[in-house]
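One structure is given here, and the rest of the page talks about it.
There are 2 protein chains.
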Amino acid sequence: MGNSHQVTIKDIARELNISPSTVSRALKDHPDISKDTKKAVSDLAKKYNYQPNAIALSLRSRKTNTIGVVVPQIVHFFFSNVISGIEDIAYDKGYNVMVCQTNELQEREEKSVQALLASRVDGLLVSLSKETKTYDHLRKVTDGGTPMVFFDRKSDDFDVSSVVIDDYQGGYQATEHLAKQGYKKIAHLAGPLNLTLSKSRYAGYQQALKDYGLDYRRDYVIECANGTIEEGYEKTKPLLDLRDKPDAVFAANDPAAIGALKAIKDSGLKVPQDIGVIGFSDWQLASLVEPALSSISQPGYEMGAEAARLMFKALEAEKGEEVEKENIVLKTNVISRESTHKK
Amino acid sequence: MGNSHQVTIKDIARELNISPSTVSRALKDHPDISKDTKKAVSDLAKKYNYQPNAIALSLRSRKTNTIGVVVPQIVHFFFSNVISGIEDIAYDKGYNVMVCQTNELQEREEKSVQALLASRVDGLLVSLSKETKTYDHLRKVTDGGTPMVFFDRKSDDFDVSSVVIDDYQGGYQATEHLAKQGYKKIAHLAGPLNLTLSKSRYAGYQQALKDYGLDYRRDYVIECANGTIEEGYEKTKPLLDLRDKPDAVFAANDPAAIGALKAIKDSGLKVPQDIGVIGFSDWQLASLVEPALSSISQPGYEMGAEAARLMFKALEAEKGEEVEKENIVLKTNVISRESTHKK
DNA sequence: CTGAAAGCGCTTACAG
DNA sequence: CTGAAAGCGCTTACAG
Numbered sequence: 001m002g003n004s005h006q007v008t009i010k011d012i013a014r015e016l017n018i019s020p021s022t023v024s025r026a027l028k029d030h031p032d033i034s035k036d037t038k039k040a041v042s043d044l045a046k047k048y049n050y051q052p053n054a055i056a057l058s059l060r061s062r063k064t065n066t067i068g069v070v071v072p073q074i075v076h077f078f079f080s081n082v083i084s085g086i087e088d089i090a091y092d093k094g095y096n097v098m099v100c101q102t103n104e105l106q107e108r109e110e111k112s113v114q115a116l117l118a119s120r121v122d123g124l125l126v127s128l129s130k131e132t133k134t135y136d137h138l139r140k141v142t143d144g145g146t147p148m149v150f151f152d153r154k155s156d157d158f159d160v161s162s163v164v165i166d167d168y169q170g171g172y173q174a175t176e177h178l179a180k181q182g183y184k185k186i187a188h189l190a191g192p193l194n195l196t197l198s199k200s201r202y203a204g205y206q207q208a209l210k211d212y213g214l215d216y217r218r219d220y221v222i223e224c225a226n227g228t229i230e231e232g233y234e235k236t237k238p239l240l241d242l243r244d245k246p247d248a249v250f251a252a253n254d255p256a257a258i259g260a261l262k263a264i265k266d267s268g269l270k271v272p273q274d275i276g277v278i279g280f281s282d283w284q285l286a287s288l289v290e291p292a293l294s295s296i297s298q299p300g301y302e303m304g305a306e307a308a309r310l311m312f313k314a315l316e317a318e319k320g321e322e323v324e325k326e327n328i329v330l331k332t333n334v335i336s337r338e339s340t341h342k343k
Numbered sequence: 001m002g003n004s005h006q007v008t009i010k011d012i013a014r015e016l017n018i019s020p021s022t023v024s025r026a027l028k029d030h031p032d033i034s035k036d037t038k039k040a041v042s043d044l045a046k047k048y049n050y051q052p053n054a055i056a057l058s059l060r061s062r063k064t065n066t067i068g069v070v071v072p073q074i075v076h077f078f079f080s081n082v083i084s085g086i087e088d089i090a091y092d093k094g095y096n097v098m099v100c101q102t103n104e105l106q107e108r109e110e111k112s113v114q115a116l117l118a119s120r121v122d123g124l125l126v127s128l129s130k131e132t133k134t135y136d137h138l139r140k141v142t143d144g145g146t147p148m149v150f151f152d153r154k155s156d157d158f159d160v161s162s163v164v165i166d167d168y169q170g171g172y173q174a175t176e177h178l179a180k181q182g183y184k185k186i187a188h189l190a191g192p193l194n195l196t197l198s199k200s201r202y203a204g205y206q207q208a209l210k211d212y213g214l215d216y217r218r219d220y221v222i223e224c225a226n227g228t229i230e231e232g233y234e235k236t237k238p239l240l241d242l243r244d245k246p247d248a249v250f251a252a253n254d255p256a257a258i259g260a261l262k263a264i265k266d267s268g269l270k271v272p273q274d275i276g277v278i279g280f281s282d283w284q285l286a287s288l289v290e291p292a293l294s295s296i297s298q299p300g301y302e303m304g305a306e307a308a309r310l311m312f313k314a315l316e317a318e319k320g321e322e323v324e325k326e327n328i329v330l331k332t333n334v335i336s337r338e339s340t341h342k343k
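Structure representation (structure tokens):
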């Protein structure tokens, strides 16, 4: 028909000469309504493809059946997995998902949270931008009574549920894996050390060295602020120039590890025979380089699904019932490939 | 406060002993309202962090300031770029974005479209699932008067705007690039040939062969239905067993190209000296393999931004004004890397 | 300068 | 079995 007006209950009522209340009841198969009326209503509803207006329902029920997601980047293997996990669970629950990316900017994070709040999302799933230093915008969320769950990048200033990766364990596992393969002098390309996540990986690295009786040397640790392939390449070169050079590199992210791989190969040394390399899985890239890169897996999809589940637990709780906060820490796994197969 | 009730205009009115109408006017700086009232209202609004309820506004204005996106997969380099492009433009326009993934299932596509329609999104951006054969669910969108724009995977049954990649040109460019590098016997790992997109790339390949005076041989063309690395590997092997084997391969997607690369290397032949390889960029992976893979770039971000712009053009049109449909075809580019540098 | 009324599309307690 | 009324949170034409 190309009619730009969606059919309402009133339209049906008018055509049938009955009241909107009756139409509403008939539509939801209310026991009071007569068979005949129900039939007439549902026939007409079908004929005009009547769709209940969710906006009107939301206004009445103060529930939008929508959750908001605030994420640093959409174009990112890990985060797109998280979003996908959230969306799948939300779909099963009959919820819609509004997605906002902050592009790592605090200002955009603030505006997005504000927009989502204005849209009265039932709950908010948030991963902080790298830039975010103050939390007033998130205070408004919790103060207003909207359930919030952090994923991956959280602030400890809030008493809300969260899902994060066990970065300490990941750093430990990576280093342990290298040690078990027989590498003795393990260097670390750390992530930006202002992030808790980088510090945890670094700490796990140190603990594993200790547990396996290996030396911790400050000059074997180099910070990679951007986590790019180029940076990994450049920062690895000085390590190779050391008189006593490392025989393995644990990079806190995969692009840096790939850069390290290149730098080692360019210097004429062999991976994994001379130097082993292991990364930390931000992308799905690791398997493609040569040699294929060992890495620590981060369960992105699971993180999203878990965060969504925590959210729905809060949303489905009885009104007034206190839901206990959970802080879930997901385990990482070692993905062992060629780049660490020393023998 | 932890008060789970968001402050409304009525609350402010009550506290100030004035009417909701006056509060509403004061809030939007209506000229009729006195300075004093305005000040009192805005002070209280600030104190209670009043947020206008977008749901109530939507019900009145029949505009939600939200657009819906239906995409086959979120975890996908190309599509996540598209979503990102859409989100950035929507953010600039003050719109929210609801994202649904179909996981390539028609049923889920139908339900998602339906849910988005029920939520009264102002417009819908759709990329069809591979499975979608019938279009009743999309007819409901256009019949109901909701603007729709297709991106990447479209149906020609609708008179709506669309943004797609010039696959014909991409196929042509890939083949032309190989020809110009001096390759003469160019094979093609085609995509699933039920998709228009695959057929177009194939047609571009054929035309380029003709234009460059090269033979078209049916046995040089192999269909890769899944587009995985494994499939590319397996389907390339028979090509290498031919008595008169090709000296170049154009794969309709990057994973298949990467599989081809491996198969060629495993057979003892050299890339690019013996056989050149070029892919079609679905992922960002191409630069990491060895040798680095030449590829045809698909501007995903631009596609999303363009599709969003078309949508907003329709949404911003005067009521009743006819917006002319545009079918935008984005150009691809050759990304020339090692895998095709014959000399 | 301010307020009462109506309405966006729905539901439901109340009345008959 | 059905309907009128009230209300979700807002805006705005109308009245004063």
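These protein sequence lines map, in sequence, to chains A and B.
Here the first sequence is numbered in UniProt numbering, starting from 1 and rising by one per residue.
Here the second sequence is numbered in UniProt numbering, starting from 1 and rising by one per residue.
Don't be surprised by glycine CBs; every beta carbon is placed ideally from N, CA and C.
Extent of the continuous beta strand (DSSP E) run through residue i
{"i": "N327 (chain A)", "result": "327 to 330"}
{"i": "I67 (chain A)", "result": "66 to 71"}
{"i": "N96 (chain A)", "result": "96 to 101"}
{"i": "V126 (chain B)", "result": "123 to 126"}
{"i": "V149 (chain B)", "result": "148 to 151"}
{"i": "I186 (chain A)", "result": "186 to 190"}
{"i": "A251 (chain B)", "result": "248 to 251"}
Three-way DSSP call (helix, strand, coil) for residue i in this model
{"i": "F158 (chain B)", "result": "coil"}
{"i": "A257 (chain B)", "result": "helix"}
{"i": "N81 (chain A)", "result": "helix"}
{"i": "T340 (chain B)", "result": "helix"}
{"i": "I278 (chain B)", "result": "strand"}
{"i": "A305 (chain A)", "result": "helix"}
{"i": "I296 (chain A)", "result": "strand"}
{"i": "L310 (chain A)", "result": "helix"}
{"i": "A90 (chain A)", "result": "helix"}
{"i": "I12 (chain B)", "result": "helix"}
{"i": "V41 (chain A)", "result": "helix"}
{"i": "I335 (chain A)", "result": "strand"}
{"i": "V23 (chain B)", "result": "helix"}
{"i": "G2 (chain A)", "result": "Residue confidence for G2 (chain A) is low, a pLDDT of 36 falling below 50, so the modelled location carries little weight and cannot support an answer."}
Residue i and residue j closer than 8 Å at C-beta
{"i": "V69 (chain A)", "j": "I86 (chain A)", "result": "yes"}
{"i": "A187 (chain A)", "j": "L269 (chain A)", "result": "no"}
{"i": "G145 (chain A)", "j": "M311 (chain A)", "result": "no"}
{"i": "I89 (chain A)", "j": "R309 (chain A)", "result": "yes"}
{"i": "M98 (chain B)", "j": "N96 (chain A)", "result": "yes"}
{"i": "S297 (chain B)", "j": "I278 (chain B)", "result": "no"}
{"i": "G182 (chain A)", "j": "Y205 (chain A)", "result": "no"}
{"i": "A307 (chain A)", "j": "P147 (chain A)", "result": "no"}
{"i": "T175 (chain A)", "j": "L197 (chain A)", "result": "no"}
{"i": "T64 (chain B)", "j": "V121 (chain B)", "result": "yes"}
{"i": "D167 (chain B)", "j": "S200 (chain B)", "result": "yes"}
Residue interval of the alpha helix (DSSP H) (run including residue i)
{"i": "N49 (chain A)", "result": "N49 (chain A) -> no alpha helix (DSSP H), and no H or E assigned at all."}
{"i": "H177 (chain A)", "result": "167 to 180"}
{"i": "I18 (chain A)", "result": "That residue, I18 (chain A), is in no alpha helix (DSSP H); it is neither H nor E in DSSP."}
{"i": "S112 (chain B)", "result": "106 to 118"}
{"i": "V141 (chain B)", "result": "136 to 143"}
{"i": "I55 (chain A)", "result": "54 to 61"}
Beta-carbon proximity list for residue i, same chain, < 6 Å, skipping 5 on both sides
{"i": "residue 372 (chain B)", "result": "No answer is possible for residue 372 (chain B): it lies beyond the span of chain B, which begins at 1 and ends at 343."}
{"i": "P52 (chain B)", "result": "none"}
{"i": "A26 (chain A)", "result": "I33, T37, K38, V41"}
Beta-carbon proximity list for residue i, same chain, < 8 Å, skipping 5 on both sides
{"i": "E230 (chain B)", "result": "G259"}
{"i": "C224 (chain B)", "result": "L189, A190, G191, P192, E231, G232, K235, A251, A252, N253, A256"}
{"i": "A13 (chain B)", "result": "S19, P20, T22, V23"}
{"i": "T340 (chain A)", "result": "H177, L178, Q181, Y183, A248, P272, G276, V277, I278, S294"}
Sequence-distant residues of its chain with Cβ nearer than 7 Å to residue i (five each side left out)
{"i": "S129 (chain A)", "result": "P72, T102, E104, L105, Q106, E109"}
{"i": "S112 (chain A)", "result": "V70, C100, T102"}
{"i": "K325 (chain B)", "result": "D159, V160, S161"}
{"i": "D211 (chain A)", "result": "none"}
Original post:
Which whole runs of the alpha helix (DSSP H) in the region 206 to 240 of chain B are 4 residues long or more, in chain order?
Top reply: none
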